[in-house]
Amino acid sequence: MAELTMIAAAAENNALGKDNDLVWHLPDDFKRFKKLTTGHHIIMGRKTFETFPKPLPNRTHIVITRKKNYQKEGAIVVHSLKEALDLAKDDPQPFIIGGGEIYELALPEADKIELTRVHGTFEADAFFPEFDENNWELVESSFHPTDENHNYSFTYLTYRRAK
1 MAELTMIAAA AENNALGKDN DLVWHLPDDF KRFKKLTTGH HIIMGRKTFE TFPKPLPNRT
61 HIVITRKKNY QKEGAIVVHS LKEALDLAKD DPQPFIIGGG EIYELALPEA DKIELTRVHG
121 TFEADAFFPE FDENNWELVE SSFHPTDENH NYSFTYLTYR RAK
């Protein structure tokens with residue numbers, strides 16, 4: 001496997017979402033997510049998968065769950081991060097797409113983090129894990145102001161694990 005990437009939109013307090021939903025609507029971030037993840041394996045927890053109305057097109061969905069008999073059309077179901085990574089090993093860039101617990105598990109394995117930092121703090125029940133920025137190099141940063149489609153400003157941050 002070439003490069004395991006975690007992709008997330010998290011607030012300044014690392015909030016990801018509440019009640020299995022996002023707490024903001026950022027169309028440009030959705031477009032970027034689609035552009036980056038299309039054609040790749042996306043690895044997620046069951047609750048994250050269940051927030052989708054249907055599987056996302058042109059991506060291989062790998063769902064990690066503790067539920068032994070869980071099955072869903074459009075998803076490959078596994079019971080550990082290791083199983084998920086083994087299935088995605090031929091993908092040059094598989095993505096970890098959430099939620100909080102899966103990000104926590106994947107952080108030690110990740111090579112890259114594509115983080116959309118939403119400028120604000122939000123009440124949430126799912127959070128992106130804290131990571132030591134000394135172990136990561138910020139290689140790209142791009143600010144997006146509020147506008148008619150975006151109620152919050154945000155910054156795209158690309159981190160690579162420091163060698």
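According to UniProt numbering, the sequence shown holds residues 1 to 163 in order. All C-beta atoms in this analysis are idealised placements derived from N, C-alpha and C, irrespective of residue type, glycine included. Just so it is clear, the structure is predicted and the values come from calculations on it, not from any experiment.
Where the alpha helix (DSSP H) containing Phe154 begins and where it ends: Unbroken run through Phe154 is the beta strand (DSSP E), 154-161; no alpha helix (DSSP H).
If contacts are defined as beta-carbon pairs under 8 Å, then Val63 and Lys72 qualify, I think. What distance do you get, rounded to the angstrom? Indeed they touch by this definition, with Cβ atoms about 7 Å apart.
In terms of alpha-carbon separation, which member of Phe49, Asp111, Lys68, Glu12 lies closest to Thr137? Note that residue 137 is Glu in the sequence shown here, rather than Thr. When Phe49, Asp111, Lys68, Glu12 are compared, the shortest CA-CA separation from Glu137 is found for Asp111.
Residue closest to Arg32, alpha-carbon to alpha-carbon, out of Phe154, Phe128, Arg160: Nearest C-alpha to Arg32: Phe154.
For Ile43 and residue 168, the rounded distance between their alpha carbons: Any answer about residue 168 is impossible in this case: the structure gives the chain only from 1 up to 163.
Beta-carbon contacts of Leu107 that lie in its chain and below 8 Å, excluding the five residues immediately before and after: Within the same chain, and ignoring the five residues on either side of Leu107 in sequence, the residues whose Cβ sits closer than 8 Å to its Cβ are Met6, Pro129, Phe131.
Pro94 classed as buried or exposed, judged by whether at least 16 other C-beta atoms fall within 10 angstroms: Result: buried.
Asp21 to Leu115, Cα distance in whole Å? So the alpha carbons of these two residues sit roughly 18 Å apart.
Distance CB(Ser12)-CB(Thr146) smaller than 8 Å: A small correction: the amino acid at residue 12 is Glu; Ser does not occupy that position in the sequence shown. The Cβ atoms of Glu12 and Thr146 lie no closer than 8 Å to each other.
Please classify Arg117 as buried or exposed, where buried requires at least 16 other C-beta atoms within 10 Å of its C-beta. Under this definition Arg117 is a buried residue.
Tell me where the beta strand (DSSP E) around Leu26 begins and ends. Premise fails: Leu26 is in no beta strand (DSSP E) and is neither H nor E.
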